[in-house]
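Take a look at the structure below.
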Amino acid sequence: MTTIRKPTRRDVLKYGAAAAATTALCTPYVSRAWAETVEINMLAWYGHGEPDMVGAFEAANNVKFKPKYYAGGDNMMALIAQSPPGTYDIILSDGEFVQQLNAAGYIEEMNAADYPFDDMLYDDFKQFPGHWKDGKLYSMMVRCGHLGVSYNTTAVSDEEAMSYKAFWKPEIKGKVGHFDWHLPNLGQMSLTNGNGAKLWDQDEAGWTKIKETTMTLRPQVGGYFDYGGTFNGLKNGEMMAMAGIGDWITGVLERDGAPVKSLVPKEGGIQWTESYSIGKGTQKADMVKKFIQYMLSPEGQATSARMLAYPGFAITKGGRAKLNEVDPKEAQRTGQVDGMPNDPITLIKEGRIFYRDIPKQQSLEDWNEFWQEYKNA
Amino acid sequence: MTTKHAKNTDYYAIAWRLPLIVWQGLFFIGPLVFMVAMSFFLVRNYRMEAAFQFGNWERMLTRGFFWDAYFLTLWLALLATIVTSVLAFPASYFLAFKASDTVRRWAVFFLIIPFFTSYLVRIFAWQVILAQQGVINAGFSFLGLGPYQMLNTTLGTMVGYLTLCLPLAVILQTFSLANIDKRLVEAAHNLGCGRLRTVFTVVVPLAKTGLVVAAVFCFILSFGDFVAPYYLGGSKPPTLSIMIVDTSKSGQQWPRAAVVAIMMIVTLLVVAFTAIGFAYRKRRT
Chain A
1 MTTIRKPTRR DVLKYGAAAA ATTALCTPYV SRAWAETVEI NMLAWYGHGE PDMVGAFEAA
61 NNVKFKPKYY AGGDNMMALI AQSPPGTYDI ILSDGEFVQQ LNAAGYIEEM NAADYPFDDM
121 LYDDFKQFPG HWKDGKLYSM MVRCGHLGVS YNTTAVSDEE AMSYKAFWKP EIKGKVGHFD
181 WHLPNLGQMS LTNGNGAKLW DQDEAGWTKI KETTMTLRPQ VGGYFDYGGT FNGLKNGEMM
241 AMAGIGDWIT GVLERDGAPV KSLVPKEGGI QWTESYSIGK GTQKADMVKK FIQYMLSPEG
301 QATSARMLAY PGFAITKGGR AKLNEVDPKE AQRTGQVDGM PNDPITLIKE GRIFYRDIPK
361 QQSLEDWNEF WQEYKNA
Chain B
378 MTTKHAKNTD YYAIAWRLPL IVWQGLFFIG PLVFMVAMSF FLVRNYRMEA AFQFGNWERM
438 LTRGFFWDAY FLTLWLALLA TIVTSVLAFP ASYFLAFKAS DTVRRWAVFF LIIPFFTSYL
498 VRIFAWQVIL AQQGVINAGF SFLGLGPYQM LNTTLGTMVG YLTLCLPLAV ILQTFSLANI
558 DKRLVEAAHN LGCGRLRTVF TVVVPLAKTG LVVAAVFCFI LSFGDFVAPY YLGGSKPPTL
618 SIMIVDTSKS GQQWPRAAVV AIMMIVTLLV VAFTAIGFAY RKRRT
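Respectively, the protein sequence lines represent chains A and B.
Under our numbering, residues 1 to 377 are what the first sequence spells out, in order.
Under our numbering, residues 378 to 662 are what the second sequence spells out, in order.
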């Protein structure tokens, strides 16, 4: 039988000294390895700092992303305003909020020569509104998506979904949900009123009409949800149609086989646009630039298009080609194949897509206040 | 006569009280004062600026949607308090008067267990149970009934409130009823008082303080709860706690959110002090 010898005081001293020496000898190397990992503080919508998006870049460049997530442009502006300058190295913002970021001095100027403008799928993307000021670049568009009518295919037909009127369908009373953010929802109501390209630029009479149209939808509404609630509402069949969203949510469910989808109706759809900016005062501008370049590379674009949290469209030719190569099924599902009738670029060219913006003749506060009134109606 | 000894005793007592006073000062009075001050601040370009103006109060208190949310929240909290108190009482009565000591100990243990799990997790579990394709509707479908809409309704909100309050109400009521002198109940019976009459004329008045305290806890917890009305009620319509989140999210309007919060605190103080005053009011002889 093997017996375990009780360690003597000499053993303890001997092995203890060896352990201490090993630790002391290794510490410089371990510390150096740790020190070399660059931490990048990211402010973004949920999912952008997750391993599926940044894992490959982290591994290749020995960096670690520390994401802080927000929901909605107002929320993003508030988070930056509360933080000292230089807190965020990289900021992902909705396209329409870039001009506010720039006006407040929260972002650095970027060098246009560093980015693949020649590879853009559409000319508008090269000079996206608000991204340039006085000929200087301040933000780089990386992805986009379209908002329209999102619905459960067992309750709403494709034909019905070709109009926002589908939300008023009597059979789905109490089963229409809202993504709880005034901007996309009221934008869709403006489109319902036939405002087309002027959807954000409405005078008092137009704004009153938007409010009236929105109020008529109230009896149909089953709830107001955040991202998770919207997702669950569609998934468990509680909600049969959802306003204020698009494929960025239904796409995740559709990929899993749920009977939901999104269409751009005849009144037009709204494009959400996401852009990266370099945070003012960052000490890691070079690494951030490298990351934005990666996200605009074919690999980065294909990764972004298949983002687990919510899919988006590739905006470069190289990105689209890569997506078709690595995931033709997803490219087909989202229409990101040249020549498809629902190709997002074709929809933009046909004038059926309008870029999301902020209200021109009212304040965001007016819109938000009405949204609260609507929720309480 | 004031002696040196008496003075020393005072310092001793103060020393014991000091941590609580400091704690309350730092983490209750301090933030409360700041919140009141903040309700007069301004917001410019998503940044709060110290100021003294009544714009936030005027803006919130003159809006119909604020008062709609206020009275809805008040009504829902009141309803939750009544439903919880009524549902809890028979269980508490049984545990206090009928159950053996062993049963009572186990029952209290099982009533405490829900608090081991996060309230939010329990609410998400209710989403699965109450959904159209959930457990309850699956049961109804076996009987050829349903499906019924339970999620994103007032019923859903109420289920959430009960999840939060019911175990606590049963525990508080049980402790209160268990402390009643049983001889008084026996005396009522010996004098010919029926069982139901004994409950309402002897048991309830004797346990009044505990019953009211349990009800006040229900009201406070329900009135300020965000999770149940948002995740089970579908935020339709929003309660005051949801309005605080909405207001602070949009345009960094913390000062206006502070107005809503102060109105909630004032309401809770009025309700709590009125209820406690009622609980400790001596019976007329």
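Every residue gets a Cβ at the ideal spot worked out from N, C-alpha and C, and that includes glycine.
The structure displayed is predicted, hence computed values, not measured ones.
Assuming contact is defined by CB atoms lying nearer than 8 Å, are residue i and residue j in contact in what I supplied?
i: I353 of chain A; j: H131 of chain A; result: no
i: Y607 of chain B; j: L541 of chain B; result: no
i: V156 of chain A; j: K173 of chain A; result: no
i: N62 of chain A; j: V38 of chain A; result: yes
i: T531 of chain B; j: G610 of chain B; result: yes
i: D226 of chain A; j: D256 of chain A; result: no
i: F313 of chain A; j: P344 of chain A; result: yes
i: Y70 of chain A; j: L43 of chain A; result: yes
i: R306 of chain A; j: D338 of chain A; result: no
i: A446 of chain B; j: L617 of chain B; result: yes
i: R356 of chain A; j: G187 of chain A; result: yes
i: H566 of chain B; j: T578 of chain B; result: no
i: R633 of chain B; j: N422 of chain B; result: no
i: G587 of chain B; j: M641 of chain B; result: no
i: A276 of chain A; j: L121 of chain A; result: Note that residue 276 of chain A is Tyr in the sequence shown, not Ala. Contact: no.
i: L296 of chain A; j: T316 of chain A; result: yes
i: A584 of chain B; j: S553 of chain B; result: yes
i: K280 of chain A; j: D114 of chain A; result: no
i: I292 of chain A; j: M140 of chain A; result: yes
Counting only the same chain and skipping the five closest in sequence on each side, list residues whose C-beta sits under 6 Å from that of residue i.
i: S262 of chain A; result: G148, S150, G246, D247 and T250
i: A285 of chain A; result: I278
i: T551 of chain B; result: S469, L472 and A473
i: H178 of chain A; result: N185, Y224, A243 and G244
i: D52 of chain A; result: L308
i: Y388 of chain B; result: none
i: K66 of chain A; result: E39 and N41
Starting from residue i, trace the beta strand (DSSP E) both ways and give me its first and last residue.
i: C383 of chain A; result: Limits of chain A in this structure are 1 at one end and 377 at the other, which puts residue 383 of chain A out of reach.
i: K261 of chain A; result: V260 to L263
i: R424 of chain B; result: R424 to E426
i: L43 of chain A; result: V38 to W45
i: H178 of chain A; result: V176 to F179
i: P632 of chain B; result: It is not in any beta strand (DSSP E) - P632 of chain B instead sits in the alpha helix (DSSP H) that spans W631 to Y657.
i: R440 of chain B; result: R440 of chain B -> no beta strand (DSSP E), and no H or E assigned at all.
i: T273 of chain A; result: G269 to I278
i: S190 of chain A; result: Segment H182 to T192 is the alpha helix (DSSP H) holding S190 of chain A; no beta strand (DSSP E) there.
For residue i, which residues in the same chain have their Cβ closer than 8 Å to its Cβ, ignoring the five residues on either side in sequence?
i: G499 of chain B; result: A small correction: the amino acid at residue 499 of chain B is Arg; Gly does not occupy that position in the sequence shown. P491 and T540, listed in sequence order.
i: A33 of chain A; result: Reliability fails at A33 of chain A, whose pLDDT of 49 lies under 50, so the model's placement of it is uncertain and no value is given.
i: T2 of chain A; result: No answer about T2 of chain A holds up, because its pLDDT of 46 lies below 50 and its placement is not dependable.
i: T379 of chain B; result: For T379 of chain B, the predicted structure reports a pLDDT of 48, less than 50, and the residue's modelled location is therefore unreliable. The matter cannot be settled from this model.
i: A377 of chain A; result: M215 and R218
i: L528 of chain B; result: Q504, L507, A508, Q509, G511, L609 and G611
i: L234 of chain A; result: S150, N152, G177, M242, I249, T250, L253, A258 and V260
i: A321 of chain A; result: P298
i: I639 of chain B; result: M412, V413 and S416
i: G318 of chain A; result: P116, D119, S297, P298 and Q301
Going by CA-CA distance only, name the one from the options that's closest to residue i.
i: L453 of chain B; options: B:S618, B:V580, B:M535 and B:I642; result: B:M535
i: F431 of chain B; options: B:W444, B:M415, B:A652 and B:V410; result: B:M415
i: G49 of chain A; options: A:I345, A:Y310 and A:D366; result: A:Y310
i: I107 of chain A; options: A:N236, A:G194, A:Y138 and A:A305; result: A:Y138
i: Y164 of chain A; options: A:Q372, A:R143, A:A302 and A:N195; result: A:N195
i: G533 of chain B; options: B:R482, B:F493, B:I391 and B:K613; result: B:K613
i: A484 of chain B; options: B:I548, B:L455, B:A392 and B:I459; result: B:I548
i: A331 of chain A; options: A:I358, A:Y122, A:S190 and A:T303; result: A:T303
i: V420 of chain B; options: B:D387, B:G628, B:F443 and B:I621; result: B:G628
i: G73 of chain A; options: B:V648, B:M641 and B:S625; result: B:S625
i: M162 of chain A; options: A:G222, A:T192 and A:A112; result: A:T192
At what residues does the alpha helix (DSSP H) containing residue i begin and finish?
i: F552 of chain B; result: T531 to A555
i: A364 of chain A; result: A quick correction: the sequence has Leu, not Ala, at residue 364 of chain A. First-last of the alpha helix (DSSP H) with L364 of chain A: L364 to N376.
i: Y525 of chain B; result: First-last for Y525 of chain B: undefined, no H or E at that position.
i: D201 of chain A; result: Counting along the chain, D201 of chain A falls outside any alpha helix (DSSP H), and DSSP gives it neither H nor E.
i: L507 of chain B; result: Y496 to L507
i: V288 of chain A; result: A285 to L296
Grab me the residues of residue i's own chain with a C-beta within less than 7 Å of its C-beta, minus the 5 sequence neighbours each way, in chain order.
i: Y294 of chain A; result: F57 and G300
i: A197 of chain A; result: F354
i: L488 of chain B; result: P544, V547 and I548
For residue i, return the contacting residues in chain D, with the cut-off set at a CB-CB distance below 8 Å.
i: E373 of chain A; result: Absence of chain D from the displayed structure is noted, the protein chains being A and B.
field: Any alpha helix (DSSP H) of 4 or more consecutive residues that is wholly inside the stretch 305 to 356 of chain A
entry: 317 to 326, 328 to 333 and 344 to 349
Minimum length 4: unbroken alpha helix (DSSP H) runs contained in the stretch 62 to 147 of chain A: Secondary structure remark: continuous alpha helix (DSSP H) runs of at least 4 residues inside the stretch 62 to 147 of chain A, in chain order: 73 to 82 and 98 to 103.
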